[in-house]
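Under numbering that gives the first Met the number 0, the first residue of the sequence shown is numbered 0, with each subsequent residue one higher. For glycine and all other residues, C-beta sits at the position ideal for the given N, C-alpha and C.
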Amino acid sequence: MIYLFKLIKDKKMNIPKLSNNNQSIWLKMKSPFGQDQYIPRIIDITADHIQQYKQKSRRAKFCLFFLLTALLLLLLLCSILLPILLIKPKSPIIPVIITINCIYPNVETPMGRCVNILIDSNNCGSVGNVCPNNLSCSAGVCSNVPGIQLDKPITIWSSAINGSADDQMYNVTLPWYITLYNTTTNNVIVTSDGVLCLGGCSTSYTESSLPANVFPGATVLPYWDDLYIYPNTSQGIYYQSEGNSPNRKLIFEYYMSHYIEINQYYHFQLSFFENNPGVVQFKYFDATDQGDTCTIGVQASNNGPFIMYSYDQANSVLTNMTLTFDTNQGIYYRS
């Protein structure tokens, strides 16, 4: 037991006054002599201190419990509200319907592409009809005759659509400009006799040595001869642009026979290069007479300059042969 004795001495204050005002501190008693006297009260503060400590402890526990409860409720509320707030409303998906107009003989595939069912060996005659054993597609029928090599050809003249052609000229507007010698244009003339002109042209089918008087402007002659396009086949003249600017390649493909010689095939390509103006390349897939009755070369005009590879020269054209003419340097390469 701890006891606290409080004794206050104050000369200015008399005991009775203190007793009157501080009875909680002073205890009035009779002395052995019968006199009133004041002695300090003995106060036991232990119980009160312990009680106060318990009250403070209870308050602290209550506050801690309240804070933990509030924190748990806050976390629960956040777990409910955050996903709702974070999920942004999605815009309604509006289907986009793309309409593809395929002009016959091009037919739309399930993948949304246009394919030429007259010459495409993977869609010969109808979409999905694949010619077996690497046969070509000729006029919509699988055949062992040569087929068109371009995968996305644009038709200049097609025998399956347009019929036969003999000594004809066709004007073509190109997707970009090509150059030969000092002539740059995006309009050319293609003939059914194996000639392409960047200027004035001719339907003359009688080949001659270069420079040829019948072609007044810049002219490309991959196989100048009396050629013929027979009906109901995949024969014709096609072209295609490949790649992206400034590295595009423009390819013309000729597939035809000789006049009154339906079983003779002449199949070749000529290519222009956007990043290499003045250069033209020939590639030969088939030439039945191997160049025996044709003229091959290029010329700037009927007065020259010109580069001639061959004129009625036997065995001058071989399968898969490539000729590259550089009109900037006046030379050609064979490979």
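inquiry  = By alpha-carbon positions, which one of F214, Y238, N327 ends up nearest to N302?
reply    = F214
ask   = Whole beta strand (DSSP E) runs in the region 230 to 267 with 3 or more residues, listed along the chain?
value = 235 to 241, 248 to 257
inquiry  = Per DSSP, what are the beta-bridge partners of S353 in this structure?
reply    = In the structure as shown, the chain starts at 0 and stops at 334, and residue 353 therefore has no counterpart that could be examined.
task = Quick one: using the 10 Å Cβ neighbour count with 16 as the cut-off for buried, is G242 buried or exposed?
result = Counting Cβ neighbours within 10 Å, G242 comes out exposed, since fewer than 16 surround it.
ask   = Is F281 helix, strand or coil when you go by DSSP?
value = strand
message = When you compare the region 229 to 236 with the region 196 to 211, are there three or more beta-carbon pairs, one atom per stretch, that lie closer than 8 Å?
response = no
task = Check the C-beta distance from Y229 over to S163 and give it rounded, since I have them as a contact under 8 Å.
result = 6 Å
query = By Cβ distance, which residues of its chain are closer than 6 Å to A141, with the 5 residues on each side in sequence left out?
reply = At residue 141 the sequence reads Cys, which differs from the Ala that was named. Cβ neighbours of C141 beyond the five flanking positions: C123, C130, L134.
request  = Please say whether C136 and L117 have beta carbons closer to each other than 8 Å?
outcome  = yes
key: Beta-carbon gap between I297 and F324 smaller than 8 Å   = Here residue 297 turns out to be Val, not Ile, going by the sequence shown. Yes, the pair counts as a contact, with Cβ atoms nearer than the cut-off.
message = Suppose contacts are defined by Cβ-Cβ distances below 8 Å. Is L220 in contact with T294 by that definition?
response = yes
task = Could you tell me which of F251, I261, S315, T182 sits nearest to T218, measuring between CA atoms?
result = The candidate whose alpha carbon is nearest that of T218 is T182.
query = Among K27, R58, A211, which residue has its Cα nearest to the Cα of M307?
reply = A211
key: Distance CB(R321)-CB(S334) smaller than 8 Å   = It should be pointed out that residue 321 corresponds to Thr in this sequence rather than to Arg. Yes. Within cutoff.
Secondary structure of Q397, DSSP reduced to three states = Examination of residue 397 is not possible in this model, given that the chain is present from 0 through 334 alone.
task = Excluding the 5 residues preceding and the 5 following D166 in the sequence, name in chain order all residues of the same chain whose CB lies nearer than 7 Å to its CB.
result = S191, D192, T202, Y204
request  = Using three-state DSSP, classify V316 as helix, strand or coil.
outcome  = coil
task = Mind checking which residues open and close the beta strand (DSSP E) that includes T190?
result = 182 to 190
request  = Quick one: grab the DSSP three-state call for I228.
outcome  = strand
inquiry  = Looking at F251: is its Cβ nearer than 8 Å to the Cβ of V189?
reply    = Yes, the Cβ-Cβ distance between F251 and V189 is below 8 Å.
query = Under a Cβ-count criterion, where at least 16 other Cβ atoms within 10 Å of its own Cβ denotes burial, should W223 be classed as buried or exposed?
reply = buried
key: Rounded separation between I261 and S120 - CA only   = 21 Å
request  = Would you give the residue range spanned by the beta strand (DSSP E) that F305 belongs to?
outcome  = 305 to 310 is the extent of the beta strand (DSSP E) around F305.
message = If the criterion is Cβ atoms closer than 8 Å, does the pair D285 and A313 meet it?
response = For D285 and A313, no; Cβs fall outside 8 Å.
inquiry  = By DSSP's criteria, A286 is part of a beta bridge. Which residues make up the other side?
reply    = Y265
message = Can you list, in chain order, the residues of its chain with a C-beta nearer than 6 Å to that of Y283? Leave out the 5 residues immediately preceding and following it.
response = F267, V316, M320, listed in sequence order.
query = Excluding five sequence neighbours on each side, which residues of the same chain lie with their C-beta closer than 7 Å to the C-beta of P174?
reply = S240
task = Tell me, please, which residues DSSP counts as bridged to N110.
result = Residue identity check: residue 110 is Met in the sequence provided, not Asn. In DSSP, M110 forms no bridge with anything.
query = Looking at the structure shown, is P131 part of a helix, part of a strand, or coil, going by DSSP?
reply = helix
Euclidean distance between Cα positions of S300 and G216 = 4 Å
query = Would a C-beta distance cut-off of 8 Å place E206 and D288 closer than the cut-off?
reply = no
inquiry  = Tell me the rounded alpha-carbon separation between L74 and F61.
reply    = 20 Å
message = I'd like to confirm the pairing. Which residues does DSSP put opposite T326 in its beta bridges?
response = Its beta-bridge partners do not exist; DSSP assigns none.
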